[in-house]
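Undergrad: Chains as they are written, first to last, in our numbering: chain A, 150 to 321; chain B, 548 to 832.
For every residue, glycine included, the Cβ atom is placed at its ideal position computed from N, Cα and C.
None of the values given here were measured: they were computed from a predicted structure.
Just dropping this structure here.
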Amino acid sequence: MRRKIIVTLIIIVCYLLQTTLFRTLSFASISPNILIVVVSSFGFMRGRKEGMWIGFFCGLLLDIFNGGVLGFYALLYMYVGYANGMFRKLFYPDDIKLPLLLITGSDVAVNLVIYFFMFLFRNRFNLSYYFFKIILPELVYTMIVTIFLYIILLKINQKLEAVEKRSASKFV
Amino acid sequence: MKRRAKFSVPLRYILLFLTGICVVGILLGFTLNISGGPLNTVAGYVFVPMQRGINTVGVWISDKMDNLKQLSDVMEENDDLRRQVDELTAELNTIKLEQYELENLRELFDLDQKYPSYEKVAANVIGKDGGNWFSNFTIDKGADDGIEIDMNVIAGSGLVGIVTSVGPNYAKVSSIINDTNKVSGMVTTTSDNLIVKGSLQNMNENMVIDFSDLNDSDDNVVVGDPVVTSYVSDQYQQGILIGYISSLTKDSNNLTKSGTITPSVDFEHIHEVLVILNKKQSTGN
């Protein structure tokens, strides 16, 4: 229960930051995608199930306020969370390479899917332009934010896990 | 690391179930134009007040940053007068802010007089699109203030976009520079119709919007001609300024022309917008 409340709070805060603060701090009208960091991190830190649910709700939030049709982002982010959850066995808290790699992969994957469905289907074939002017800058900016955000999320998760362990051992 | 035993309802089925829900949502969105419903209402009450709050904080922070910048300049110039200048800077800042506000209000007022026949409501932009692909934003007025889907949104001196979804206290606006949006426009000098299409690429590179299908056999249209919304549009009110033609080329079919339009609105810095409460009578639904 405590975890649910805290994760919900994290999602809300990150969504609000993404749509307000980071939009005003955008470089060359590119702003970072910090929700993907949240979805991806919780995916590989906590496994497929949590990744899936967190992805679903993050996507739903984007759908309600930004997307055209309800369900598109929810579907996309849900699968991102689920896919990241498969890497849980490879994840060690001290190692930052895997998280960076996974978040990079997630961000690029999400953007490519958006490009594919929203742009390619409308005859915008210039992939290299969109890749170098939208996807790559967003990735770089997201990576910079990730380094800070990921450490915060990791610390929160470790704290939560420690508290859960303690309360679990109390009942034994 | 702690490993938990897996419980019975297989994750795969939950995933499939949620996928199904999403697909149904997408299909409903495409076929019936339903988006959210009660979800919109709930989300509106939860997020809009917070977005409003953060925006206030953001404005406050940028105020402080302005303050610091000016302060350091002044310190270099004259250390002795620092304290005095400090006070003056602060004062100046508030005055600047007031002037900025005044200018904004004046612009709004001007606009109000330009399009006098329409009933309008002013709104603030409180959030922008979560990604970098589309140019949608959220405003802080919704169904409670009489806003409905398909109402036109204007700012500064021209058309900004159209309301695509409404909650009780917020509304989603899709701007005309959005890659998916099309507006039918008209060149005021010759009354020729054309189609304005948003383009992410052109907007990012040259700050212009594409247009096409201009029928101008007599070559009367020149660069610099203003383009307004057309009377044939079923979504946009007639005669709202879109921008000025910035380039013009003949299509390969030798019949129509296409080119680019410089929009009259600065889409990077939209803070306040006006929503026109009159809706164009459309034929379909």
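1. Can you give me the C-alpha to C-alpha distance between Met548/B and Met750/B, rounded to a whole angstrom?
2. Report the partner residues of Phe684/B according to the DSSP bridge assignment.
3. Indicate whether at least one CB of chain B lies closer than 8 Å to the CB of Arg152/A.
4. With 8 Å set as the bound, which would you pick, yes or no: does the beta-carbon of Lys319/A sit closer than that to a beta-carbon of chain B?
5. In chain B, which residues lie less than 7 Å from Lys308/A when you measure between Cβ atoms?
6. Would you please state the rounded distance, in angstroms, between the beta carbons of Gly204/A and Val229/A? I believe it to be under 8 Å.
7. Distance cutoff 8 Å, beta carbons only. Does Thr157/A sit that close to anything in chain B?
8. Measuring CB to CB, does Gly689/B end up less than 8 Å from Val812/B?
9. To the nearest angstrom, report how far apart Tyr592/B and Arg599/B are at their CA atoms.
10. When DSSP labels each residue in this structure, what does Tyr791/B get in the three-state scheme?
11. Between the C-alpha atoms of Val218/A and Gln631/B, what's the straight-line distance to the nearest angstrom?
12. Can you pull the chain A neighbours of Phe564/B, defined as C-beta to C-beta under 7 Å?
13. According to DSSP, is Phe758/B part of a helix, a strand, or is it coil?
14. Can you find a C-beta in chain A that's less than 8 Å from the C-beta of Met754/B?
15. Helix, strand or coil, according to DSSP, for Phe176/A in the structure here?
16. If contacts are defined as beta-carbon pairs under 8 Å, then Val774/B and Val734/B qualify, I think. What distance do you get, rounded to the angstrom?
17. Rounded to a whole number of angstroms, what is the C-alpha to C-alpha distance between Val188/A and Trp607/B?
18. Starting from Asn699/B, trace the beta strand (DSSP E) both ways and give me its first and last residue.
19. Mind checking if Gly200/A is an interface residue toward chain B, Cβ cutoff 8 Å exclusive?
20. Does DSSP put Pro585/B in a helix, in a strand, or in coil?
21. By DSSP's criteria, Leu821/B is part of a beta bridge. Which residues make up the other side?
22. Near Leu251/A, which residues of its chain fall below 7 Å by C-beta distance, leaving aside the five closest residues on each side in sequence?
23. Please state the DSSP three-state secondary structure of Arg151/A.
24. Residues of chain B with CB closer than 7 Å to the CB of Ile213/A, please, in chain order.
25. Measuring alpha carbon to alpha carbon, tell me which residue in Ala590/B, Phe564/B, Ser731/B, Ile742/B is nearest Tyr783/B.
26. List, in chain order, every chain A residue whose beta-carbon is nearer than 8 Å to that of Val570/B.
27. DSSP on Gly714/B, reduced to helix/strand/coil?
28. I want to see whether chain A comes within less than 8 Å of Ile723/B, judged by CB atoms only; does it?
29. At least one CB of chain A closer than 8 Å to the CB of Gly771/B: is that the case?
30. Considering only their Cβ atoms, is the gap separating Gly790/B from Ile808/B smaller than 8 Å?
31. Quick check on Asp781/B: buried or exposed, where buried means 16 or more other Cβ atoms within 10 Å of its Cβ?
32. Counting only beta-carbon separations shorter than 8 Å, does Phe577/B have a partner in chain A?
33. With a threshold of 8 Å between beta carbons, is Ser178/A in contact with chain B?
34. Measuring straight from C-alpha to C-alpha, what distance separates Phe221/A and Asp757/B?
35. Is there a C-beta anywhere in chain B that falls below 8 Å from the one on Phe205/A?
36. Under 8 Å between C-beta atoms, does Lys611/B make it to chain A?
TA: Looking at the atomic coordinates:
1. A caution first: Met548/B carries a pLDDT of 46, below 50, which makes its placement in the model too unreliable to give a value.
2. Answer is Lys675/B, Val720/B, bridged to Phe684/B.
3. no
4. no
5. Here the premise fails: no neighbours, minimum Cβ distance about 14 Å.
6. 5 Å
7. no
8. no
9. The alpha-carbon atoms of Tyr592/B and Arg599/B are separated by roughly 11 Å.
10. The answer is strand: DSSP assigns Tyr791/B an E or B state.
11. 56 Å
12. The premise fails here: Phe564/B is roughly 11 Å from chain A at the closest Cβ pair, so nothing lies under 7 Å.
13. strand
14. no
15. strand
16. 6 Å
17. 30 Å
18. 699-702
19. no
20. helix
21. Ala669/B, Ile701/B
22. Counting only Cβ-Cβ distances below 7 Å, and skipping sequence neighbours, we find Ser189, Phe193, Asn233, Phe236.
23. Looking at Arg151/A - three-state DSSP - the assignment turns out to be helix.
24. Gly583, Leu586, Asn587, Ala590
25. Ser731/B
26. Ordered by position in chain A, the residues that pass the 8 Å Cβ test against Val570/B are Gly220, Leu224.
27. coil
28. no
29. no
30. yes
31. exposed
32. yes
33. It does; some Cβ of chain B falls within 8 Å.
34. The straight-line gap from Cα to Cα measures roughly 27 Å.
35. Yes, its Cβ sits closer than 8 Å to a Cβ of chain B.
36. no
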